[in-house]
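**Q** Letter 74 of the sequence shown, counting from 1, is numbered 89 in our numbering, and no numbers are missing.
Heads up, the beta-carbon is just placed ideally off N, CA and C, and yes, glycines get one too.
Fair warning: this is a prediction, and the values are worked out from it, not measured in the lab.
This structure is in structure tokens; I'll ask about it shortly.
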Amino acid sequence: MAVQISPSILSADFARLADEAARVEGVADWLHVDVMDYHFVPNLTLGLPVVEALLKTTSTPIDCHLMIDDPDRWAPGYAEAGAASVTIHAEAAKAAVRTLRAIRAAGARSGLAINPATPVDPYEDLLPEIDMLLVMTVEPGFGGQGFLDIMLPKITKARGLIDKYGGEVWLQVDGGVSAATIERCAEAGADVFVAGNAVYGADDPAQAVRSLRALAQQ
Ligand code: DX5
Ligand code: ZN
Numbered sequence: 016m017a018v019q020i021s022p023s024i025l026s027a028d029f030a031r032l033a034d035e036a037a038r039v040e041g042v043a044d045w046l047h048v049d050v051m052d053y054h055f056v057p058n059l060t061l062g063l064p065v066v067e068a069l070l071k072t073t074s075t076p077i078d079c080h081l082m083i084d085d086p087d088r089w090a091p092g093y094a095e096a097g098a099a100s101v102t103i104h105a106e107a108a109k110a111a112v113r114t115l116r117a118i119r120a121a122g123a124r125s126g127l128a129i130n131p132a133t134p135v136d137p138y139e140d141l142l143p144e145i146d147m148l149l150v151m152t153v154e155p156g157f158g159g160q161g162f163l164d165i166m167l168p169k170i171t172k173a174r175g176l177i178d179k180y181g182g183e184v185w186l187q188v189d190g191g192v193s194a195a196t197i198e199r200c201a202e203a204g205a206d207v208f209v210a211g212n213a214v215y216g217a218d219d220p221a222q223a224v225r226s227l228r229a230l231a232q233q
């Protein structure tokens, strides 16, 4: 699978989201949108109305990462609105299979995310239901945190499970992904890379995306 880069707008200027989205258009594969609810994580960002507004302003496919309680209730709405990929957290879902199927039925790619303390093995049986597995490489909630090296073996393990399954499941990493860490993530088997601070903290976000892609492709 080709390397894909998904800049996270969590590190962008929330007052100028359309402009910030435009800065990576045509260069980034995805625009990563972090939805947080003050419950699943100790931070609050944005919800469906802002995603709907973003969908109107950018042609970059939207990769929604739902860090919210009760994703079973809310996730299908993001897919119905037009997000191309919707990821729910395994720790928050009470009916993950039903919700992943609802996301697909609404026309989006289904994603399942696991926190640093959540092992990947219990989710092997769910691989046929998901288009992307997200291994968090920080505790979710905030941008700009340090990459957790201790997650590298889990990325390797996830890659092994996906290869054994044999279907097309992308392996995304999110948190602390930068020029200093992306190569190790790629070596461990990740193929979709979320980067917030490393892209929107750079003077030239588009160039940052190109540099990250080049490093991951090596
Ligand atoms: C954190 C979010 C990430 C965040 C990553 O909970 O899920 O998407 O924006 O930001 P960086 O790349 O700065 O760690
Ligand atoms: Zn995220």
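What I want to know is whether the C-beta of His104 ends up closer than 7 Å to one or more non-hydrogen atoms of the ligand ZN.
**A** In the sequence shown, counting from the first residue as 1, residue 104 sits at position 89. Outside the cutoff, so no.
**Q** How many Å lie between Ala132 and Val192 at the Cα?
**A** Here residue 132 refers to the residue found at position 117 of the sequence shown. Here residue 192 refers to the residue found at position 177 of the sequence shown. The straight-line gap from Cα to Cα measures roughly 18 Å.
**Q** Please output, in chain order, the residues near the ligand MG using a CB cut-off of less than 5 Å to any non-hydrogen atom of the ligand.
**A** For the ligand MG, the structure offers nothing, since it holds only the ligand DX5 and the ligand ZN.
**Q** To which residues of the same chain is Ala221 closer than 7 Å at the C-beta, ignoring the five residues directly before and after it?
**A** Residue 221 sits at position 206 when you count from the first residue of the sequence shown. Excluding sequence neighbours, Ala221 sits near Arg38, Val39 and Val42.
**Q** My guess is that Ser23 and Asp44 are in contact by the Cβ rule of under 8 Å, so how many angstroms apart are they, rounded?
**A** Taking the sequence shown and counting its residues from 1, the one referred to as residue 23 is at position 8. Taking the sequence shown and counting its residues from 1, the one referred to as residue 44 is at position 29. Rounded, the Cβ-Cβ distance is 13 Å, inconsistent with contact.
**Q** Could you tell me which residues DSSP puts in a beta bridge with Gln187?
**A** Position 172 of the sequence shown, counting from 1, holds the residue named residue 187. Bridge partners of Gln187: Leu149 and Val207.
**Q** Helix, strand or coil for Asp28? Go by DSSP, reduced to three states.
**A** Taking the first residue of the sequence shown as position 1, residue 28 is located at position 13. Three-state DSSP puts Asp28 in coil, outside helix and strand.
**Q** In terms of residue numbering, what span does the beta strand (DSSP E) encompassing Ser100 cover?
**A** In the sequence shown, residue 100 corresponds to position 85, counting from 1. Where Ser100 is concerned, the enclosing beta strand (DSSP E) stretches over Ser100 to His104.
**Q** Tell me the DSSP secondary structure of Ile118 in three-state form.
**A** Against the sequence shown, residue 118 aligns to sequence position 103. Correct three-state label for Ile118: helix.
**Q** Tell me whether Ser226 sits in a helix, a strand or coil according to DSSP, three-state version.
**A** Taking the first residue of the sequence shown as 1, we reach residue 226 at position 211. Ser226: helix per DSSP, three-state reduction.
**Q** What does the Cβ neighbour count give for Arg174, buried or exposed, with the cut at 16 atoms within 10 Å?
**A** Position 159 of the sequence shown holds residue 174. Per the 10 Å Cβ criterion, buried.
**Q** Which residues bound the alpha helix (DSSP H) around Gly216?
**A** Taking the first residue of the sequence shown as 1, we reach residue 216 at position 201. That residue, Gly216, is in no alpha helix (DSSP H); it is neither H nor E in DSSP.
**Q** Cβ of Pro86 within 7 Å of any heavy atom in the ligand DX5?
**A** To locate residue 86, count along the sequence shown from 1; it is residue 71. No.
**Q** Below 6 Å CB to CB, which residues in the same chain sit around Gly161 once its five sequence neighbours on both sides are set aside?
**A** Locating residue 161 in the sequence shown gives position 146, counting from the first residue. Closer than 6 Å at Cβ, skipping near neighbours: Gly191.
**Q** Does at least one heavy atom of the ligand DX5 sit under 7 Å from the Cβ of Gly182?
**A** Taking the sequence shown and counting its residues from 1, one reaches residue 182 at position 167. No, the ligand DX5 has no heavy atom inside 7 Å of this Cβ.
**Q** Go to Asp52, then tell me how far its alpha helix (DSSP H) extends in each direction, as first and last residue.
**A** Locating residue 52 in the sequence shown gives position 37, where the first residue counts as 1. Run containing Asp52: none; DSSP gives neither H nor E here.
**Q** Taking Gly92 as part of the alpha helix (DSSP H), name the residues at either end of that continuous run.
**A** Within the sequence shown, numbered from 1, the residue matching residue 92 stands at position 77. It spans Pro86 to Ala96 - the alpha helix (DSSP H) in which Gly92 sits, taken as one unbroken run.
**Q** If you check the beta carbons only, do Arg124 and Met147 fall under 8 Å apart?
**A** Looking up residue 124 in the sequence shown gives position 109. Looking up residue 147 in the sequence shown gives position 132. The answer is yes: Cβ separation under 8 Å.
**Q** Got a sec: does the ligand DX5 put a non-hydrogen atom nearer than 7 Å to the Cβ of Pro131?
**A** Position 116 of the sequence shown, counted from the start, is the residue given in the question as residue 131. Checking the Cβ of Pro131 against the ligand DX5 gives no.
**Q** Just to check my reading of the structure: Gly126 and Leu141 have Cβ atoms closer than 8 Å, yes? What is that Cβ distance to the nearest angstrom?
**A** Taking the first residue of the sequence shown as position 1, residue 126 is located at position 111. Taking the first residue of the sequence shown as position 1, residue 141 is located at position 126. Actually they do not touch by this definition, with Cβ atoms about 11 Å apart.
**Q** Would you check if the segment 46 to 66 and the segment 75 to 90 touch, i.e. whether three or more CB-CB distances between them fall below 8 Å?
**A** The segment 75 to 90 is in contact with the segment 46 to 66.
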